[in-house]
Structure formats: C-alpha cells, structure tokens
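In my numbering, the protein residues as written are 139 to 450. Every residue, glycine too, gets a C-beta built ideally from N, C-alpha and C. Here the structure is a predicted model, which is why all the values come from computation and not from measurement. Right, one structure below, let's go through it.
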C-alpha cells in the first residue's frame, strides 16, 4: 500500500499492509526537512516567520489566523479549524528556492489544545507559506501568505518539491488513511507563482485504494493476484452478499516529464487487482494501466486513460 511517503511498495504486498496501515498513519512522525542549500536552515526560517519559535514543544506553539476556505468553519464543534485565530503547533516542512535571493518556506500546522496536538482522524494538516528575501547576506521575511490548503489525516501529510518545468515548480502533498477496512492515499499538487503558492491545486486525485479487510470474502476473491494474509482482527464480517460489493487492491506510481518552459505531462501507472460485484464468482481482473494528464490554464486534465481506484 502506498503510504504518506513518496516511495511506493510493490503492489503484491498491498494486502499484507492493510491492517498495519491505520496505526502507521496515526503515529507517523513529522518529516524532517533537509537544510536548504542556501546557508539557512528550515528552523531558522521558521523562527523568522514565527517570533519565539524554537524546535522544542513549547516553542512550536503559535497562533495563526485561518481564512474562510473549504474545511474551515465558524463553529468549533464542526471542525478542528475555525475562521480567525487558531492555536497551532508549527513544523517547518519544506523550503523551496525561487531564485538566488528568494525562498519560500512551507510550514505544517496542527491544531493545539493545552500545548499538545488536538488532531484526530478527520483533522487535516494546514499548509502555510512564507516568503523570504536575502539582503546583504541575511535572510529576511518578505511575505506572509499564510494558510493555502488543508490536507491529510491526524494532522499529517507528506510534502515534497516537484519540478514542472525549467523555471516552474510545485508542492506535491500525499496523504492517506484507513477506516472500516477501506484504505486509500491521495495526491494534491500546488503550483508556485513567483514564490507564492496557488490556493487552487493544479491536480488532486486518488493514488491507491484497498478494501481487502472490508468484507470477509475479499481476500479469497482477489487470489491469486494478491497474496493471502490473516484477516485484520478489527475487521468485522458484515454478512453482506458477495454480489453487493467490489473487492480491490490498487496502487500507483507517478512521474512528471518536466520540460524547459511548459509544465510536462503527469503520467501515472496503476497496478493491482479488482473483483467486481457483478462478476464476484469469476477470477479477479488484473490492473496494469496508464493515465496521462496534461497541463492547461493552471490545471492538469486527463488526455488518455482513467483512474481505476474506486471512490472510498
């Protein structure tokens, strides 16, 4: 199963990971960003963007203002994120070099209560961007874009920089979770425009899905295309008929063909197996297919193939 992290596992091992995935996602430690190749570290930039910030637990506690956006409400009982001031734990996640004298820091924000994380399964990480300019050898804060997106579960997601073209780059955000025997991972990609992150993602899609622990018959139905594994003890047999549900185990890997000027094609390859409800007694169907998405007017749109991951 493809998890938060960018290296995909062999799809034949998908079924063995379903039971362990929930715990891994819930306990995943924050990424440790590598020092920027600019003579300044992510921690130093975080301290410039958030006065008083330090790497200790107390120093990461800050107050950040969230704008009106999907997933942010005015009712604290409906969401961990509310419009206006929110107490958060701040973690510097990614530093992007814009040019020789400009950087952008992307921070991950998690809602806090009594100085500790208040994130639960349904709580996304808030992604916030801050811009820096170098003057006389010193880096100074030049812009506070603030929160541009909400992604993830348990306040966690994986971030990495992705080149789209010679002078254009994006932030790939991958995240995933499991519930009631269903596991999935998703991707959202945000393009940068002169150091500012565009709020509207250029791409959002499902990367993988597995539901072998959602019904007692799924492991059997997907053999021999997936290896058998002990049923998740937490999974419950809901006694539903086999012709009432699909069974599937699908993962993917993707690349971007970065060109010199225009963002390159996004190519994703899906592999796995699926047993449809209407053909549940027949052998499962192997999945090995490719989808290509092309950039136009700020968005990646499919030009060939399709995404076989069922909605979760």
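message = Going by DSSP in three states, residue 380 sits in which element: helix, strand or coil?
response = Helix.
inquiry  = For a test of the three-state rule: what should DSSP assign to residue 417, helix, strand or coil?
reply    = Assigned with DSSP and collapsed to three states, residue 417 falls in helix.
key: Selection from 419, 269 and 224 that minimises the alpha carbon distance to residue 257   = Taking residue 257 as reference, the option from 419, 269 and 224 with the minimal CA-CA separation is 224.
query = Taking contact to mean at least 3 C-beta pairs separated by less than 8 angstroms, is the stretch 273-280 in contact with the stretch 301-316?
reply = These segments do not touch.
query = Taking C-alpha atoms, which residue in 288, 271 and 267 lies nearest to residue 282?
reply = The shortest Cα separation from residue 282 among 288, 271 and 267 belongs to 267.
message = With H, G and I counted as helix, E and B as strand and the rest as coil, what does DSSP make of residue 357?
response = Three-state result, residue 357: helix.
request  = Using three-state DSSP, classify residue 200 as helix, strand or coil.
outcome  = In the three-state scheme derived from DSSP, where H, G and I count as helix and E and B as strand, residue 200 is classed as strand.
Through-space distance from residue 365 to residue 247, alpha-carbon basis = Taking the straight line joining both Cα atoms gives about 39 angstroms.
key: Helix, strand or coil at residue 187 according to DSSP, with G and I counted as helix   = Looking at residue 187 - three-state DSSP - the assignment turns out to be helix.
query = Whole-angstrom Cβ separation of residue 346 and residue 388, contact assumed at under 8 angstroms?
reply = Their Cβ separation, rounded to whole angstroms, is 6 angstroms, which keeps residue 346 and residue 388 in contact under 8 angstroms.
ask   = I think residue 243 touches residue 297, with their Cβ atoms under 8 angstroms apart; what is that distance to the nearest whole Å?
value = 11 angstroms between Cβ atoms; not a contact.
request  = Tell me whether residue 390 is buried or exposed, calling it buried when 16 or more other Cβ atoms sit within 10 Å of its Cβ.
outcome  = So residue 390 counts as buried.
key: residue 447 in three-state terms, based on DSSP   = Coil.
query = Between the beta-carbon of residue 186 and the beta-carbon of residue 270, is there less than 8 angstroms?
reply = A contact, by the Cβ cut-off of 8 angstroms.
query = In three-state DSSP terms, what is residue 305?
reply = Here DSSP, grouped into helix, strand and coil, assigns residue 305 to coil.
key: residue 200, buried or exposed, once every other Cβ within 10 Å from all chains shown has been counted against 16   = Burial call: buried.
key: Burial state of residue 404, where buried means 16 or more other Cβ atoms lie within 10 Å   = Result: buried.
Inter-residue spacing [alpha-carbon to alpha-carbon] between residue 130 and residue 329 = Outside the modelled stretch of the chain, which goes from 139 to 450, sits residue 130, for which no answer is possible.
Residue(s) in a DSSP beta bridge with residue 427 = 408, per the DSSP bridge assignment.
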